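Accompanying notes for the structure given below.
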DNA sequence: ATGCCTGGTAAAACCAGA
């Protein structure tokens, strides 16, 4: 079972790229972030024609998350992150597919930091940590994946000395990520590739992709039940080089049946 | 320190992204 995450940066603007990638790689489950489309503008027909059933939580202009499953119907568990009824952002959706609980998340960017946006990011992170603790306690196979907007270590940044004050790399945010992982989650990519330089995002600015000036901010966290089932992982980094591509590349893991 | 680029929305001296 191959599970992928992809911040598409506009599901309609990137539809040709998304469909080409689905056709070429046929992941079993896909978590999408940054749909940038209201609920009624999700390209359900095109996704269905590609062989996928989908649930999604849209929002006008920004955010928006979806879970796709090939030849299967994702059973929705929730479409908000608990802990703040006032939060209007569409940043979380969770479903069960083939007995695996899949949480698809789009953690706030948080820049500029410090400031209200950074405060919102830290609050959202606390809510995620609380929700993840419940999932861990439930003792079920869980994958928490998506755009975390955090580089966990200096290895995950092309030039760490320049990112120290950024909302994606500040100590508070790295510390929150560590608190989350320390509940017992496994960083799927790092488990299989502990030393490699691996990026999942390259800025549109300054030819970042050609210079490989990237960041690793899209992650897979696996509950202990899935540790022994993790057999492969990777980044489809070539997709970032396609015409009209997102600034993120798809990331995936493979679980043994 | 800022803009560099890009999409969405609306018509901008726009916003947000990371």
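Numbering (this note's numbering), first residue to last: 7 to 263.
Even glycine gets a Cβ: it sits at the ideal position worked out from N, Cα and C.
None of these values were measured; they are calculated from a predicted model.
CB-CB under 7 angstroms to residue i, same chain, minus the five flanking residues each way: which ones, in chain order?
{"i": "residue 189", "result": "138, 139, 142"}
{"i": "residue 49", "result": "17, 18, 21"}
{"i": "residue 45", "result": "64"}
Just to confirm, are residue i and residue j a CB contact at a threshold of 7 angstroms?
{"i": "residue 150", "j": "residue 227", "result": "yes"}
{"i": "residue 207", "j": "residue 173", "result": "no"}
{"i": "residue 85", "j": "residue 106", "result": "no"}
{"i": "residue 1", "j": "residue 187", "result": "Here the chain covers residues 7 to 263 and nothing more, so residue 1 does not appear."}
{"i": "residue 252", "j": "residue 14", "result": "yes"}
{"i": "residue 77", "j": "residue 96", "result": "no"}
{"i": "residue 262", "j": "residue 241", "result": "no"}
{"i": "residue 55", "j": "residue 112", "result": "no"}
{"i": "residue 62", "j": "residue 72", "result": "yes"}
{"i": "residue 258", "j": "residue 80", "result": "no"}
Within the continuous alpha helix (DSSP H) that includes residue i, where are the two ends?
{"i": "residue 204", "result": "Element bounds for residue 204: n/a, residue is neither H nor E."}
{"i": "residue 140", "result": "122-144"}
{"i": "residue 189", "result": "Premise fails: residue 189 is in no alpha helix (DSSP H) and is neither H nor E."}
{"i": "residue 23", "result": "21-31"}
{"i": "residue 52", "result": "50-55"}
{"i": "residue 164", "result": "Residue 164 -> no alpha helix (DSSP H), and no H or E assigned at all."}
{"i": "residue 262", "result": "Neither: residue 262 is in no alpha helix (DSSP H) and is coded neither H nor E."}
{"i": "residue 219", "result": "Note, residue 219: premise wrong, no alpha helix (DSSP H); not H, not E."}
What residue does the beta strand (DSSP E) around residue i start on, and which one ends it?
{"i": "residue 98", "result": "98-103"}
{"i": "residue 106", "result": "106-112"}
{"i": "residue 224", "result": "224-228"}
{"i": "residue 238", "result": "236-241"}
{"i": "residue 6", "result": "A query on residue 6 cannot be resolved here, the shown segment of the chain reaching from 7 to 263 and no further."}
{"i": "residue 39", "result": "35-39"}
{"i": "residue 84", "result": "81-84"}
{"i": "residue 150", "result": "148-153"}
{"i": "residue 12", "result": "8-13"}
{"i": "residue 78", "result": "Neither: residue 78 is in no beta strand (DSSP E) and is coded neither H nor E."}
With a threshold of 8 angstroms on Cβ separation, who are the neighbours of residue i within its own chain once the five nearest residues in sequence on each side are excluded?
{"i": "residue 47", "result": "18, 64"}
{"i": "residue 83", "result": "100, 101, 102, 107"}
{"i": "residue 198", "result": "236, 238, 239"}
Leaving out five residues before and five after residue i in sequence, what residues of the same chain have Cβ atoms less than 6 angstroms from its Cβ?
{"i": "residue 36", "result": "10, 74"}
{"i": "residue 148", "result": "107, 141, 229"}
{"i": "residue 260", "result": "8, 237, 238"}
{"i": "residue 183", "result": "156, 158"}
{"i": "residue 58", "result": "74, 76"}
{"i": "residue 214", "result": "208"}
{"i": "residue 248", "result": "23"}
{"i": "residue 109", "result": "100, 150"}
Stretch-stretch touch, CB-based, cutoff 8 angstroms, three pairs: the segment 158-169 with the segment 215-223: Touching, yes.
Cβ pair count under 8 angstroms reaching 3, the segment 125-137 against the segment 81-93: Proximity of the segment 125-137 to the segment 81-93 meets the contact definition, three or more beta-carbon pairs being nearer than 8 angstroms.
Touching by the beta-carbon criterion (3+ pairs, under 8 angstroms), the segment 191-198 and the segment 112-122: Taking one beta carbon from each stretch, the segment 191-198 and the segment 112-122 have fewer than 3 pairs nearer than 8 angstroms; the two do not touch.
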